[in-house]
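Peer 1: In terms of our numbering, the sequence shown opens at residue 1 and continues consecutively.
All residues carry an ideal CB built from backbone N, CA and C; glycine is no exception.
A quick note: this is a predicted structure, and the numbers were derived from the prediction, not measured.
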Amino acid sequence: MGDQSIAFVRHKTLPPSPPPASETGIVKWMRENLFSSVTNSILTLAALYAIYSILSGSMPWILGGIWQAPSLQACREILAGDSAGCFAVLTERWHQLVFGFKYPQEAYWRPTLAFVLLIVAVAPVLFANLPRRMLILTGLYPFIGFWLIWGGTIMSPFMGLVGFIVAYMVFQRLERSSFAMGVLSGLIAAIIVWTIGGYVSDAMSGFLALEQIPSRDMGGFMLNIILGTVCVSLSLPIGILLALGRQSNMPIIKIICVVFIEFIRGVPLITLLFVANVVLAYFLPPGTTFDLILRVIIMITMFSSAYIAEVIRGGLA
Numbered sequence: 001m002g003d004q005s006i007a008f009v010r011h012k013t014l015p016p017s018p019p020p021a022s023e024t025g026i027v028k029w030m031r032e033n034l035f036s037s038v039t040n041s042i043l044t045l046a047a048l049y050a051i052y053s054i055l056s057g058s059m060p061w062i063l064g065g066i067w068q069a070p071s072l073q074a075c076r077e078i079l080a081g082d083s084a085g086c087f088a089v090l091t092e093r094w095h096q097l098v099f100g101f102k103y104p105q106e107a108y109w110r111p112t113l114a115f116v117l118l119i120v121a122v123a124p125v126l127f128a129n130l131p132r133r134m135l136i137l138t139g140l141y142p143f144i145g146f147w148l149i150w151g152g153t154i155m156s157p158f159m160g161l162v163g164f165i166v167a168y169m170v171f172q173r174l175e176r177s178s179f180a181m182g183v184l185s186g187l188i189a190a191i192i193v194w195t196i197g198g199y200v201s202d203a204m205s206g207f208l209a210l211e212q213i214p215s216r217d218m219g220g221f222m223l224n225i226i227l228g229t230v231c232v233s234l235s236l237p238i239g240i241l242l243a244l245g246r247q248s249n250m251p252i253i254k255i256i257c258v259v260f261i262e263f264i265r266g267v268p269l270i271t272l273l274f275v276a277n278v279v280l281a282y283f284l285p286p287g288t289t290f291d292l293i294l295r296v297i298i299m300i301t302m303f304s305s306a307y308i309a310e311v312i313r314g315g316l317a
């Protein structure tokens with residue numbers, strides 16, 4: 001019997017061969033996205049040339065800049081006619097760019113700590129593998145952040161937290177019989193607690209108190225972080241409610257949501273901010289003090305919630 005007449009069955013599979021270099025990694029990505037055709041190749045080369053031209057002209061100006069100088073005239077004398085940037089104002093005024101012009105220097109640690117705690121507070125929301133107990137800090141952060149940045153007694157944010165807890169407990173007890181009654185009762189309970197809390201805070205104004213800093217003294221990057229964090233956090237649930245209301249079969253709710261969304265979307269944000277800063281004061285009783293940042297937060301929240309509602313409505317459609 002010859003060798004060719006014996007059947008052969010392989011018991012082990014051959015190991016897979018590695019793909020060609022042109023079919024994997026950065027080479028494949030460049031071939032498919034940057035040089036997939038003659039037109040794309042020309043555009044890629046033109047873009048690379050434009051980037052090179054921009055960097056070759058700007059990087060020497062940036063890297064050769066002056067970071068230490070007592071004045072602009074002294075900076076120009078140091079450069080002696082060379083083309084470079086005068087960045088001494090950044091090193092001299094960095095605290096004003098970050099914290100604003102009037103925020104007390106001895107209190108810089110407070111917004112800095114609030115920003116660090118903000119990162120810790122949003123971490124369990126962004127990363128599911130973190131311990132769920134960290135969500136407790138997420139819930140407490142708005143009250144801690146308010147106390148750190150604005151100052152005053154810690155009883156003010158504490159009573160605010162107690163008001164939300166009492167409102168939630170009342171809502172949980174009554175919402176089984178009537179959802180509307182649960183919401184209304186929870187709101188009334190919160191207002192009562194906050195009213196009492198105002199007197200408690202005044203009576204304990206020195207308990208764990210920080211120096212109070214008015215809103216008009218805040219600015220710079222810190223103010224942007226405050227407005228962005230607060231307004232986006234508040235506008236998301238409001239936007240969801242507006243989207244659901246616009247898709248509702250109840251005519252009154254639907255009309256209110258449609259009018260609100262379309263009116264806000266039809267008005268530029270700068271106009272709303274102007275109304276919050278100037279015009280709104282004419283509709284308030286004489287002598288009424290309405291915090292400027294609070295007015296801006298309300299307007300930006302309304303503006304952002306209208307656009308979030310349209311995004312969510314597009315997903316529901």
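Let's see if you can read the secondary structure: which residues bound the alpha helix (DSSP H) around M159?
Peer 2: M155 to L174
Peer 1: Starting from the C-beta of W147, find all residues in its chain whose C-beta is less than 6 Å away, skip the five residues before and the five after it, and write them out in chain order.
Peer 2: Closer than 6 Å at Cβ, skipping near neighbours: I154 and P157.
Peer 1: From the DSSP output, which residues share a beta bridge with L210?
Peer 2: G152
Peer 1: May I ask which residues mark the beginning and end of the alpha helix (DSSP H) holding E77?
Peer 2: E77 -> alpha helix (DSSP H) spans L72 to L79.
Peer 1: So the alpha helix (DSSP H) V27 belongs to, where does it begin and stop?
Peer 2: G25 to N33
Peer 1: Give me the residue from V232, L45 and L316 with the minimum Cα distance to I297.
Peer 2: V232
Peer 1: Closest to F221 by C-alpha separation, out of S178, F115, E92 and S71, would be which residue?
Peer 2: F115
Peer 1: Could you tell me the alpha carbon to alpha carbon distance between N40 and I26, rounded to whole angstroms?
Peer 2: 17 Å
Peer 1: So, under 8 Å CB-CB, I238 and S305 are touching, yes? Tell me the CB distance rounded to an integer number of Å.
Peer 2: 4 Å
Peer 1: For G65, I'd like the list of residues in its chain whose CB is within less than 6 Å of its CB, leaving aside the five on either flank, ordered along the chain.
Peer 2: A84, G85 and F87
Peer 1: When we look at the beta-carbon of W319 and count the other beta-carbons within 10 Å, is it buried (16 or more) or exposed?
Peer 2: Look at the range of the chain in this structure, 1 to 317, and you will see that residue 319 is not part of it.
Peer 1: Less than 9 Å between the C-beta atoms of F260 and L242, yes or no?
Peer 2: Taking 9 Å as the Cβ cut-off, F260 and L242 qualify as a contacting pair.
Peer 1: Look at the alpha carbon of T271 and the alpha carbon of Q247, and state the distance between them as a whole number of angstroms.
Peer 2: 28 Å
Peer 1: Taking the straight line between their C-alpha atoms, what separation do you get for G163 and R110?
Peer 2: 25 Å
Peer 1: For F303 versus S201, is the C-beta distance shorter than 9 Å?
Peer 2: no
Peer 1: In the DSSP assignment, what residue or residues form a beta bridge with I66?
Peer 2: C86
Peer 1: Which same chain residues, not among the five before or five after A123, have their C-beta less than 7 Å away from its C-beta?
Peer 2: L130 and M134
Peer 1: Three-state secondary structure (DSSP) at P285?
Peer 2: coil
Peer 1: At which residues does the alpha helix (DSSP H) containing D202 begin and terminate?
Peer 2: Counting along the chain, D202 sits inside the alpha helix (DSSP H) bounded by residues F179 to A203.
Peer 1: Considering only their Cβ atoms, is the gap separating G160 from G197 smaller than 9 Å?
Peer 2: yes
Peer 1: Starting from the Cα of L227, find the closest Cα among H11, L294 and G182 and give me that residue.
Peer 2: L294
Peer 1: Give every residue of the same chain whose Cβ lies closer than 7 Å to the Cβ of L72, excluding the five residues on either side of it in the sequence, and list them in chain order.
Peer 2: C86
Peer 1: Quick check on the DSSP output: the alpha helix (DSSP H) that includes Y307 runs from which residue to which?
Peer 2: L292 to L316
Peer 1: Between A180, K12, K28 and E175, which lies nearest to P19 when the distance is taken from Cα to Cα?
Peer 2: For P19, the nearest C-alpha among the options comes from K28.
Peer 1: Would you mind giving the Cβ-Cβ distance between F35 and T24, rounded to the nearest angstrom? I have them listed as a contact below 8 Å.
Peer 2: At roughly 16 Å, the Cβ-Cβ gap does not stay under 8 Å, so F35 and T24 are not in contact.
Peer 1: Once you ignore the five residues that flank L113 on each side, which residues in its own chain have a CB closer than 7 Å to its CB?
Peer 2: L148
Peer 1: Can L126 and Y141 be called in contact, C-beta distance under 9 Å?
Peer 2: no
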